[in-house]
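Peer 1: To start, I am sharing the structure in question, which I have written as structure tokens.
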Ligand SMILES: Cc1cc2nc3c(=O)[nH]c(=O)nc-3n(C[C@H](O)[C@H](O)[C@H](O)COP(=O)(O)OP(=O)(O)OC[C@H]3O[C@@H](n4cnc5c(N)ncnc54)[C@H](O)[C@@H]3O)c2cc1C
């Protein structure tokens with residue numbers, strides 16, 4: 001197996017163009033497991049660890065966080081929990097401290113596992129994936145990124161350079177069910193983000209369909225409910241019945257399977273509960289911070 005170690009981003013793109021089947025390695029927390037268990041035996045690995053910029057993040061003029069593909073979860077939790085609360089909550093549930101020190105959002109996107117914990121918050125935030133090759137750069141809306149089980153929209157010669165994530169303008173939540181408290185692949189997970197400036201609510205479902213996905217009917221329902229009852233303006237309490245209906249619609253948007261981690265029926269039930277609870281938490285946070293009156 002060849003081990004290719006580009007020193008710059010341009011070199012990495014050139015290497016990937018020459019060896020489209022070469023497997024990129026960032027933190028290696030997925031790749032090394034696949035190699036060690038002989039699930040994958042690529043001709044070549046492209047080590048991205050010498051490329052400094054992939055480990056950096058910055059705030060753009062429009063208040064979007066441009067997160068380098070290899071920034072580890074631990075740094076997101078430490079430095080970006082205010083701006084990206086949903087993603088930080090998701091990051092906190094990833095593996096163990098060792099995994100959070102190495103694992104990255106770029107690696108989660110590269111693997112595109114339906115159970116990846118970064119995906120639901122990225123969907124709820126409305127993130128964009130910056131992909132590049134020697135042919136140029138593409139900005140892929142997160143809604144178009146996941147194509148199937150462990151399949152994403154990257155072309156064979158493309159690499160993820162960064163993820164653009166709008167800074168939160170309202171409360172965000174992430175909740176995950178596992179078979180134990182830590183070091184666990186999600187049985188199912190859910191993220192919700194309130195966007196008060198556009199009076200929008202966005203969602204992300206994890207581990208309950210072939211790809212991470214949004215619950216669009218639930219989003220439309222709660223958007224209409226908040227608008228028609230004037231709650232964005234009054235800052236009133238969210239009726240329990242509305243939260244319950246939201247939960248049912250989220251469960252209805254899932255397409256879960258029975259597997260070793262849980263049954264499809266349990267996943268649907270759990271999603272309805274997670275969605276109802278996280279919506280109420282975010283709405284109550286929104287009221288408490290006084291934004292509702294603004
Ligand atoms: C013990 C353990 C516990 C774990 N727990 C969790 C968990 O709780 N939640 C969770 O979501 N995941 C978990 N994982 C999986 C893993 O840690 C995450 O998926 C992590 O985000 C992978 O990031 P990485 O940088 O290590 O990726 P890598 O392993 O380096 O790469 C993962 C995939 O992405 C591709 N890739 C990496 N960088 C790029 C790039 N810039 N452009 C294109 N493709 C790229 C690689 O080729 C590979 O296919 C766990 C793994 C282990 C070993």
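Numbering (UniProt numbering), first residue to last: 1 to 294. Heads up, the beta-carbon is just placed ideally off N, CA and C, and yes, glycines get one too. Source: prediction; values computed, not measured.
#1: Taking residue 47 as part of the beta strand (DSSP E), name the residues at either end of that continuous run.
#2: Between which two residues does the alpha helix (DSSP H) harbouring residue 55 extend?
#3: State yes or no: is the C-beta of residue 204 within less than 9 Å of the C-beta of residue 210?
#4: Using the rule of at least 16 other Cβ atoms within 10 Å of the residue's Cβ for burial, across every protein chain shown, is residue 293 buried or exposed?
#5: Would you say the segment 121-132 touches the segment 145-160, given that touching needs at least three Cβ pairs under 8 Å?
#6: Thinking C-beta only, is residue 45 closer than 9 Å to residue 25?
#7: Leaving out the 5 sequence neighbours to the left and right, which residues in its chain are closer than 6 Å to residue 74 when beta-carbon positions are compared?
#8: Would you check if the segment 136-144 and the segment 244-252 touch, i.e. whether three or more CB-CB distances between them fall below 8 Å?
#9: What does the Cβ neighbour count give for residue 197, buried or exposed, with the cut at 16 atoms within 10 Å?
#10: Closer than 8 Å to a non-hydrogen atom of ligand 1 - does that hold for the CB of residue 196?
#11: Can you tell me whether residue 293 is helix, strand or coil according to DSSP?
#12: Do you know how far the Cα of residue 229 is from the Cα of residue 145?
#13: Quick one: does the C-beta of residue 43 sit closer than 8 Å to a heavy atom of ligand 1?
#14: With DSSP as the reference, label residue 251 as helix, strand or coil.
#15: Apart from the five residues just before and just after residue 68, which ones in its own chain have a Cβ nearer than 7 Å to its Cβ?
#16: So residue 171 packs on residue 286, CB below 8 Å; how close in whole Å?
#17: Under 9 Å, do residue 185 and residue 207 count as touching if we go by C-beta distance?
#18: So the candidates are 135, 264 and 114; which of them puts its Cα closest to the Cα of residue 148?
#19: Take the Cβ of residue 59 as the centre, count every other Cβ of all protein chains shown within 10 Å, and call the residue buried at 16 or more, exposed below.
#20: Which partner residues does residue 176 have in the DSSP bridge list?
#21: Cβ of residue 117 within 8 Å of any heavy atom in ligand 1?
#22: Going by CA-CA distance only, name the one from 174, 224, 241 and 219 that's closest to residue 94.
#23: Among the candidates 48, 31, 89 and 258, whose CA atom is the shortest distance from the CA of residue 41?
#24: Excluding the five sequence neighbours on either side, which residues of its own chain have a C-beta within less than 7 Å of the C-beta of residue 8, listed in chain order?
Peer 2: From the atom records:
#1: Counting along the chain, the beta strand (DSSP E) containing residue 47 begins and ends at 44-47.
#2: Looking at the DSSP string, residue 55 is not in any alpha helix (DSSP H), and its letter there is neither H nor E.
#3: no
#4: Note on residue 293: pLDDT 49, under 50, position unreliable in the model; the coordinate value appears next. Exposed is the call here.
#5: yes
#6: yes
#7: 100 and 101
#8: Contact between the segment 244-252 and the segment 136-144 is absent, because fewer than three Cβ pairs lie under 8 Å.
#9: exposed
#10: no
#11: Residue confidence is low: residue 293 scores 49 on pLDDT, short of 50, so the model does not pin down where it sits. Its coordinate-derived value is still stated next. Reduced to three states, the DSSP call for residue 293 is helix.
#12: 34 Å
#13: no
#14: DSSP places residue 251 within a helical segment (H, G or I) once states are collapsed to three.
#15: 53, 54, 55, 56, 57 and 162
#16: 5 Å
#17: yes
#18: 114
#19: exposed
#20: Note: residue 176 is bridge-paired with 189 in the DSSP secondary-structure output.
#21: yes
#22: 174
#23: Cα-wise, what sits closest to residue 41 is 31.
#24: 51
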